[in-house]
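Notes to accompany the following structure.
Given below as structure tokens:
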């Protein structure tokens, strides 16, 4: 039972970070980033290269991958999302789907098709908690998730710069009239979002192996989490992501493995039909 | 739109010739023929998606679901199922195909209903979920072979012939021809025009009388059936069906084909399928590079060529036309719809509308005398546009009654209200940008089948826009847009015409012309209700003026009376110190 | 009196729609200038064209304190000292009152922001009482004060206000105008757009009356307050119902 919980929260942490990343990019650029999951995979691969080519230790690789993700996110917004947004909202969706292809096969081309392991973050491999054996890496994942959430909280709730970014998403016209450069705010938002994705890919890398997998499923699961918890609320997205992880793991223990994915999609459809604003999406605060 | 269709048709004929030539010349090269056959199969799916995406503007990433249904239907019924004795193989294949297509169609209806509520990315996600659920269930079910799927599927049997090799090639492209023909006929007809209007502006389309929901569901059903049809041939050609091969990758591949080739045309779908099919064949050594290039191509197309490669041939951004010199006022009377004797065209009682805590319209009642011009005025935010929306069904009033021609239309869908003979224009002249002036005006007559070409021509001449009938609406100067919108509203022979700020943005000459147009409408017996801020126009043209403030009627009477009414003066100029 | 703001022959609109046709106005240092006119006349578009937010300028020029600002992006214009309190207020509804205010002077040094925000709280005690309230929950009057306060943190030399009386009770409207007058007394120029002509003309120094995107009347507030043509512009030329035709 404990093992299921831990496993569910571990995988849920990835989904939570993906959902959060989707939320941030969506609020800032009004774009749904279908490629978010592929950036997660990319993040893990970046870390792999840092470790194997540059001989970084895995912590340094985590930082390096996150920073790389930040830069990549800014470029992505500037050169792909922004020009597409000038055409139409549909064009942004299409452009992000095109990016999925570029990333998916780009990974395979550079790093090959086989999933590869990342070293764990500490030497100890497992731990006994309440009578069950638990992977230490899982604890790292959840702990690092908490740390990252803390960092994001401080940034967006306690710094002027973070608040300015939220303001730019909340009301771009009002933001411009207050001297805020909305384009730059959007870039930074996208950069943060992709940095989160790369961060997620690295921390979970030692468990799930990096590379060799399709990012689109991760994106979709993250999206399910966001919708479940409330696409408009950062807390909702985070909680929703964790919930999806838990649901997936528990379903997987009860039902045949192949049935889990369809069931998760059924849940998505049900939520979309019955309560599209999600658990935490109560009153519409922002004028979208 | 006409331009697009004619280019489309010409391209299709060229492709048809190419297919024939290729089939004859390349018959000996099995690899080539195989690639081309797969291309054909995907082309059928792409044609359906092209209609959904390009003609109705609905993004579906779930076509794989229908494809899988078709594939499994045939695979199961021809390979796993035990038929009673006496059913010939060709009958089996035929029945299986029919079942596959019908099931796909039914599922298409279901998906259509589900997605009515969604837009944009939510719509895409819902279709993705749908496709994934269908494929996931097929993947799970042991009766369908689980993860390994169904193998040993025999070749498709058409009569005594087994479709393999070159036979399959011809059959597959025959299916493409069938799909192309059906789709082209749809696009060129009334339904196609309705789709185009929906794609350009769903609200204006609904208000003009097009039942948008019904058509949307129809589009999903059609696209689903085509995908299912493609699937039925797929499994018999490949010889097996494996769930992972008919999953989301098919949905995304087909989407890419349509985007590359150009959504909205049949030839675009075929072109996209052909391109991807052939590069698949030849790019084998660069296995990963190929999809990367697709991805980059798609990104570039999304940004630079939103109408795909075929768009290069038919899409012309015209120069904005200069506002044209104004022709004289309409001399031709446009006949109007009939209502039962003794009833009024518009009667509303206690109509109210709240948005959250805000009361936009507060217990408004009035009845218009037939054949008169009434103006609705009031300070900003007084609720005038909301009242219009409530009358024509765009929003539903909270309580109260709206009667048109004696019939209670409260809660009706806008297209049904339009069918009764009520037409409306918008504050920002919502034209269908990609359609010509003539096509726009024709949509105005969509709901009333009595209206013929002569009436549409009369509307075009009557509003002085006949000389620009073939100009795409997006290229018009602003003053001309207004007149086209008026012509469109008038084309349906309405008895009731709601005009929302028709003078906004017009220069002095255009405003004089507008005054003449409204006077002519009254002369033709049409009942007009207009929202306006241009007071000299209002006072000049109206038989009656109703003043709203904070959603309530504060004055109602002849123009001169209202002008002197103290409450009205205060509403506009503010209270006396 | 040197002019702070000079607008010359301005054409502006939205996309294809042209709203302003060759408008020219001036606002001097320490002046309270009003722009009046019926709906659709172009008042809001004028302010948007000046602050370069949401409207497109297709001809003419805008000069602020001697500098041509016609082509500058909105966020740069604010930093020059020209603030715009837009129609609809455009508050950051998700953030609290204090954050909204502080963001108004986003680019300024911390100490200056602190001082400016304190000054706003002194001017609007009602806001001071609601420092940590989320902007979304404020009443109409409080939101208007917050919007003005946010613009003030930028320390503007010219403040533009777009229909600040919208949706407000008469007593609150009076207090808003009184604040504008006080600002003018402190040396800030005011350019105020309003539909409510009578109240405005009591507070303003000068006014322009717009019609169909051009200036129809201009003059001192006192002169215009007595001018019957103002009413004619708002409500149309006098109609004699018996004859059914204007004039």
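Protein chains in written order, with the working numbering: chain A, 4 to 291; chain B, -18 to 558; chain C, 2 to 248.
No residue lacks a Cβ here, since even glycine has one placed at the ideal position from N, Cα and C.
Given the structure is predicted, the values throughout are model-derived calculations rather than measurements.
- The region 110 to 125 of chain A and the region 212 to 227 of chain A touch, with no fewer than 3 CB-CB distances between them shorter than 8 Å.
- Taken in chain order, the unbroken stretches of alpha helix (DSSP H) that lie wholly in the region 107 to 135 of chain C and span 4 residues or more are 111 to 124 and 126 to 129.
- The residue among C:77, C:222 and C:146 with its C-alpha nearest the C-alpha of residue 201 of chain C is C:222.
- Going by DSSP, residue 24 of chain C is part of the beta strand (DSSP E) stretching over 18 to 29.
- Proximity to residue 196 of chain C across C:165, C:170 and C:181 peaks at C:165, based on C-alpha coordinates.
- In the pairwise beta carbon analysis, the region 173 to 188 of chain C is classified as not touching the region 4 to 20 of chain C: fewer than three pairs are separated by under 8 Å.
- A check of alpha carbon separations from residue 214 of chain C across B:513, B:485 and B:498 identifies B:485 as the nearest.
- DSSP, reduced to helix, strand and coil, places residue 448 of chain B within a helical segment of the structure shown.
- With fewer than 16 neighbouring CB atoms inside 10 Å of its own CB, residue 10 of chain B falls in the exposed class.
- When 8 Å is used as the limit between beta carbons, residue 55 of chain C is near these residues of chain A: 176, in chain order.
- Each of B:542, B:470 and B:59 was checked against the Cα of residue 220 of chain B, and the nearest Cα belongs to B:59.
- Partner residues in the beta bridge of residue 15 of chain C, as assigned by DSSP, are C:18.
- Scanning the region 366 to 451 of chain B from its first residue to its last, the whole alpha helix (DSSP H) runs of 4-plus residues come out as 395 to 400, 418 to 425 and 434 to 443.
- Rounded to whole angstroms, the separation of the alpha carbons of residue 20 of chain B and residue 233 of chain B is 15 Å.
- With fewer than three CB-CB distances shorter than 8 Å, the region 232 to 244 of chain A does not count as touching the region 189 to 207 of chain A.
- Here the C-alpha atom of residue 73 of chain C lies approximately 9 Å from the C-alpha atom of residue 52 of chain C.
- Residue 36 of chain C is not a Cβ neighbour of residue 25 of chain C, given a cutoff of 7 Å.
- When Cβ-Cβ separations below 7 Å define contact, residue 224 of chain A makes no contact with chain C.
- Looking only at B:410, B:378 and B:117, the smallest Cα-Cα distance to residue 260 of chain A is reached by B:117.
- When C-beta atoms of the region 61 to 75 of chain B are compared with those of the region 234 to 241 of chain B, fewer than three pairs fall below 8 Å, so the two segments do not count as touching.
- Residue 196 of chain C sits in coil when the DSSP states are folded into three classes, being neither helix nor strand.
- Under the DSSP definition of a beta bridge, residue 33 of chain C partners with C:191.
- The beta carbon of residue 75 of chain B does not come within 7 Å of any beta carbon belonging to chain C, so the residue lies off that interface.
- Residues of the region 64 to 94 of chain A with a Cβ closer than 8 Å to any Cβ of chain C: none.
- Here the C-alpha atom of residue 156 of chain C lies approximately 41 Å from the C-alpha atom of residue 96 of chain A.
- For residue 136 of chain A, the beta-bridge partners assigned by DSSP are A:131.
- For residue 57 of chain B, no alpha helix (DSSP H) segment is defined, and its DSSP state is neither H nor E.
- Residue 228 of chain A and residue 18 of chain A do touch by the CB rule: their CB atoms are close to 5 Å apart, below 8 Å.
- Between residue 524 of chain B and residue 353 of chain B, the CB-CB gap stays under 7 Å.
- At a cut-off of 7 Å between beta carbons, residue 517 of chain B contacts chain C.
- Exclusion of the five residues before and after residue 321 of chain B leaves 386 and 387 as the residues of its chain whose Cβ lies within less than 7 Å of its Cβ.
- Contact annotation: in the region 340 to 367 of chain B, residues whose CB is within less than 8 Å of a CB in chain C are 360, 361 and 362.
- Per the coordinates, the alpha-carbon of residue 70 of chain A lies some 9 Å from the alpha-carbon of residue 194 of chain A.
- In this structure, residue 460 of chain B sits away from residue 495 of chain B, with a CB-CB distance that is not shorter than 7 Å.
- When the Cα atoms are used, residue 134 of chain B and residue 8 of chain B turn out to be separated by approximately 24 Å.
- The Cβ of residue 226 of chain C sits no closer than 7 Å to any Cβ of chain B.
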